[in-house]
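Chains as they are written, first to last, in our numbering: chain A, 350 to 769; chain B, 25 to 349.
All C-beta atoms in this analysis are idealised placements derived from N, C-alpha and C, irrespective of residue type, glycine included.
What you are looking at is a predicted structure, and each value in this text was computed from that prediction instead of being measured.
This report concerns only the one structure given below.
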Amino acid sequence: MIRTRKVLSAVALTTVLALTAACGGSSTGTSDKAVELRMTVWTSDKDQLKLFDSIAAAYRADHPDVAKITFESLPFADYNTTLTTQIAGGNAPDLAWMGDLSRDLIASDALLGLTDTLKATPGWKYDDLLGSVTAEFSRDGTLYAYPFSNSPYALYVNTDLLAKAGQKIDPASLTWDQVAAAGAAVHAKTGKAGFVVRDFDYTAWNTLATVWTGWGASAWSADGKTCTFDSPEMQKAFTFLHDAAFKTKAMPGPGTTADFFAGDAAFTVAQVSRASLLTGKFKFGLYPLPAGPKGMYSVLGQAGMGVLASSKHPKQAADFLAYLTDPENAAKLAQYFPPPRKSLLTGAELAANNKVLSASQLQDAVVDQLPDAVTLPNHTSPAEIAQKGKTALDAMWRADADVPAVLKSVCTAIKPLLSK
Amino acid sequence: MSGTRAAEPAVERAPARSTARTGRASGPAGPAFWTSRRRDVLTGYLFVLPQLVGVAVFVLLPVGMAIWYSLHDWNVFTGKQTFVGGEHYAALADDPQLPKVLLATLLFSGGVVIVNISLGLLIAVLLNRKFRGVTVFRTLFFSPVVVSVVAWTLVWGFLLQDNGGINGLLATVGIDGPNWLKQGDTAMVSVILTQVVRSVGINMVLFLAALQGVPRELYEAARIDGANSRTVFTRITLPMISPTVLLTAIVTIAGALQSFAQIAVLTGGGPGLSTTVLVYYVFQQAFKFNDIGYGSTLALMLLSFVMLLTLLQWQLRRKWVFYED
Chain A
350 MIRTRKVLSA
360 VALTTVLALT
370 AACGGSSTGT
380 SDKAVELRMT
390 VWTSDKDQLK
400 LFDSIAAAYR
410 ADHPDVAKIT
420 FESLPFADYN
430 TTLTTQIAGG
440 NAPDLAWMGD
450 LSRDLIASDA
460 LLGLTDTLKA
470 TPGWKYDDLL
480 GSVTAEFSRD
490 GTLYAYPFSN
500 SPYALYVNTD
510 LLAKAGQKID
520 PASLTWDQVA
530 AAGAAVHAKT
540 GKAGFVVRDF
550 DYTAWNTLAT
560 VWTGWGASAW
570 SADGKTCTFD
580 SPEMQKAFTF
590 LHDAAFKTKA
600 MPGPGTTADF
610 FAGDAAFTVA
620 QVSRASLLTG
630 KFKFGLYPLP
640 AGPKGMYSVL
650 GQAGMGVLAS
660 SKHPKQAADF
670 LAYLTDPENA
680 AKLAQYFPPP
690 RKSLLTGAEL
700 AANNKVLSAS
710 QLQDAVVDQL
720 PDAVTLPNHT
730 SPAEIAQKGK
740 TALDAMWRAD
750 ADVPAVLKSV
760 CTAIKPLLSK
Chain B
25 MSGTRAAEPA
35 VERAPARSTA
45 RTGRASGPAG
55 PAFWTSRRRD
65 VLTGYLFVLP
75 QLVGVAVFVL
85 LPVGMAIWYS
95 LHDWNVFTGK
105 QTFVGGEHYA
115 ALADDPQLPK
125 VLLATLLFSG
135 GVVIVNISLG
145 LLIAVLLNRK
155 FRGVTVFRTL
165 FFSPVVVSVV
175 AWTLVWGFLL
185 QDNGGINGLL
195 ATVGIDGPNW
205 LKQGDTAMVS
215 VILTQVVRSV
225 GINMVLFLAA
235 LQGVPRELYE
245 AARIDGANSR
255 TVFTRITLPM
265 ISPTVLLTAI
275 VTIAGALQSF
285 AQIAVLTGGG
295 PGLSTTVLVY
305 YVFQQAFKFN
315 DIGYGSTLAL
325 MLLSFVMLLT
335 LLQWQLRRKW
345 VFYED
C-alpha cells in the first residue's frame, strides 16, 4: 500500500511538472519580447538556405525584438498539402513560399497585403518591380506576395546527342516541328529520347502550356470562367504531342523515364533555373522556346513569398519580408532565382553570380522573355482542377485516342470548378 | 503447478489484512470499501487503461471529429466552419466519380483478398512439409513483410515502368510486355500483385501455424478410410483451419480497404479513376482539394464498410467456421 502511494505520488508530481513545463514553454513562445518568425520554403539546397539564414541573422542584429527566424524546408511534392494542413491545424507559418496555391490564399484573404509596407520601406523602390510578374500575386492593385522567382521556360539542347545522330538545328529559326523531327531522328539512331517536357510525366498537364501556347491555345479564358481546352488550337497542339508520343516517337511515351540532365534526351523544356542540374557530362545549348504555328512566345513559372494573415506577428513578418526583398538582398537572391526587379534584369547582372550560363544566354532566355511571358495555367482550387483534368486527360495517352473527344471531356470535368 | 496453487492463498490473504487495517482507520461502522473484488476490478482497469486511452484519443475522438467535420464546410485557409447539415451526405449521391471509385475499391479489395488468401494457403500447404531448404523458402516468402511499404512500392514502380525491369525480362523471351501502370486493366492487376507479394507472408505464417496444429491422427484415419488428397484437404484441413481463414479474411479485407501507399506511389489513382480506391479518394478530397467536410463524409462511409464487412464475417462464422470446443 505504501509502495502504491509512492507510485501514485510520483505520477501526480510528474504530471504537475509536465503541465507546468508545458505552460511555461507556451508563455515564453508568445511573449512580446521573444518574437519568433517561421517561413516555409520548398528548397532544401544548402547554399540557398545558408543565404537565407545569413540575411535573417543580419536582420536580427538590427531588430533585437525578433529572437529567431526559421526557414522550414518542406518537400516540394507535398508542399501545398503540408502548408494547408499547417494552416488548418492552427500551426500556420508567419511567412510562406507559394506557387499555384497563391490564388486560393489571396481569394480567402489568408495573406497580408504588402503594397503599403513595401512602399513605406525606405530604399525599397517599389516601382522597380516589373509589372508583368506581379499580376499573378495581386488583387485590386494590392500585392499579396513578392514574386521572388520568375523563371522562364527554355529549350535545353544536348548538342552531343544531336551530333551523334547527324542532326543540326538553327536556334534562330527553330520551330516545334524541327524539334520533333530532330528528336525522332535521335531516338531512331541512338535509342535515347527526343524531347521531354520536364516534370510533365503524363501527369502534370499544366506544364504542357510550354508547348500549346505556341499554337495559340490556353486552358481557359483570361477571366478563368470559360474552359477553352477543347478549342481548335488546343486540338492541333495535342495532335502534335500525341503524334510525337505514339507515331514519330519524338517524345518518350507514358511510363518511360528519360532525364535530359543525365544525358538521356536530346531536348528538354525546363525552367532556366534548372541549369544548375547541368553537370558538364555533355555539351549543351540553351535557347528560347521554339516557335509554334502562332510564332514566338514565352512561358513563365513563378514563385512568391507572402505573409500569412493568421501570423501572430504580422507586422514583424511583413517588415522582415521587406528587408529580405530590398534591392540589396534581392540582388543576392538573384543568383538562384530570376528576380522581379528591372534594375537586376540584365544578362550581365544575372551572369555575375551564375556559374553555368553566360550573359548572352541569360539575356536571350530570361531577360528578353519576361515582359511578354504568360504564366502556367493558374486558378483557384488548383489541385482539384489538376486532378480532374488529369483523370480525363489520361485517355489521351493511348495510341488510338480520339483527341477532340478527350479534350471535350477535360472541359466537362473542370467546367464546374472554373465557374465556382 | 503445485507451487503456483500453494501461493494463491497467500496472495488472497495479503489484501485482506490491509483491508482490515483500512477499515479500522476509517471507523468501525460498515464493511471496508477496498474489498478484494474491488481491488481486482481496479487492477484490471489500470491494466487496460493505456489501451483505453489510446483508443479514446486515436480512434473515438477522431471518429467524433470526423462526424463533426462531415456536418460542416471548413475553409482551411481562414479556419471558418459553417454548419451545412446533411449536405455532404447528399453530395455522395451526386458525386459522378464515386461509383467508379467504389468499383475500383471493390476490384482492388476483392482481388487482394482472394489472391492473398489463396496464395498464402497454397504456399503454406507447400511449405508444410519436410524437405531440404524449407526454412529458406519460408524466410524468402516472409521477408517482404518487413520491408517498408513505400520502399517496396517505389522499387516495384521502377520495375513496372514501360521500359522497366519486368518488360526487359519479358523481352528476353520475345514477349512485348504491356505498359503496366498506364493501362486501366494492367494497372489494377499491378497494384493488387504488388500488395499481395508484399503481404502474403503474414497469411502464409498464420496458415502454417494452423496447419501444424491439425492433429495427425485425423489424416491417418482419413487415409485408412481411403480418402484421396482432395477429400482430405476439403473435409479435414480446411474445416480445421477455418478459424484462421476467418482471421486472415478479416485482417486482409480491413488491410485492403486501407491500402494507400501502393496507390499513391504506383499509379496516383490512374489512369483515369481505374485505381482510385476509396481511401485514396478520401485523401484527395480532404488533403489535396481541402474539402475536409466531404472527405470526412467519405471516411465515415469507409469506416461503415469495414465495420459492416467485419460484422458480416463475424455473424457468418457460425456457418462455416469449425471450432473444436
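Residue i - DSSP class collapsed to helix/strand/coil
i	result
B/Y113	helix
A/S730	coil
A/N507	strand
B/R341	helix
A/A750	coil
B/F313	coil
A/R387	strand
A/L627	coil
A/P687	coil
A/W564	helix
A/K757	helix
B/V108	coil
A/P601	coil
Exposure label - residue i; buried when at least 16 CB within 10 Å
i	result
A/D749	exposed
B/K154	exposed
B/I265	buried
A/K399	exposed
B/R247	exposed
A/I763	buried
A/A537	exposed
A/K395	exposed
A/G540	exposed
B/G110	exposed
A/S375	For A/S375, the pLDDT reaches just 38, beneath the cut-off of 50, and the residue's location in the model is therefore unreliable, although a value from the coordinates is still provided. Label assigned to A/S375: exposed.
B/R259	exposed
A/T379	Residue placement at A/T379 is poorly supported in this model, since its pLDDT is 44, which falls under 50; the coordinates still yield a value, given next. By the 10 Å Cβ count, A/T379 comes out exposed.
A/Y685	buried
Check whether residue i and residue j have beta carbons under 8 Å apart
i	j	result
A/G653	A/F486	yes
A/P601	A/V546	no
A/Y646	A/P520	no
A/M388	A/D443	yes
B/L242	B/T268	no
B/Q308	B/Y318	no
B/S214	B/N140	no
A/P663	A/S498	no
A/D743	B/G292	no
A/V535	A/A615	yes
A/L523	A/P639	yes
A/T740	B/G294	yes
Beta-carbon neighbours of residue i, restricted to chain B and to distances below 7 Å
i	result
A/A732	K312, F313
A/D770	Chain A is shown from 350 up to 769; residue 770 of chain A falls before or after that span and cannot be answered.
A/W746	K206
A/A619	Those do not exist, as A/A619 stays about 21 Å from chain B at its closest Cβ, beyond 7 Å.
Amino acids of chain B, ordered along the chain, whose beta-carbon sits closer than 8 Å to that of residue i
i	result
A/L454	F101
A/T433	V100, F101, F311, N314
A/W554	Neighbours of A/W554 on chain B: none; closest Cβ ~12 Å, over 8 Å.
A/T430	F311, K312
A/I763	Neighbours of A/I763 on chain B: none; closest Cβ ~13 Å, over 8 Å.
CA-to-CA distance, residue j to residue i, given in whole angstroms
i	j	result
A/D509	A/A558	28 Å
B/V136	B/Q219	7 Å
B/P123	B/L235	40 Å
B/P239	B/T163	25 Å
B/F313	A/S730	7 Å
B/A56	B/R63	12 Å
A/L693	A/A680	7 Å
A/P603	B/D200	16 Å
B/Q286	A/L423	22 Å
A/D572	A/R452	13 Å
Chain-ordered neighbours of residue i on chain A, where CB pairs are closer than 8 Å
i	result
B/Q185	G604, T605, T606
9 Å Cβ cut-off: residues of chain A touching residue i
i	result
B/L205	P603, G604
heavy atom of the ligand PLP below 7 Å from residue i C-beta
i	result
A/A658	Of ligands this structure carries none, so the ligand PLP is not represented either.
Contact list for residue i against chain B, beta-carbon separation under 9 Å
i	result
A/D458	F101, T102
A/T740	Q121, G293, G294, P295, G296, L297, T300
Beta-carbon neighbours of residue i, restricted to chain A and to distances below 7 Å
i	result
B/Q308	Q736
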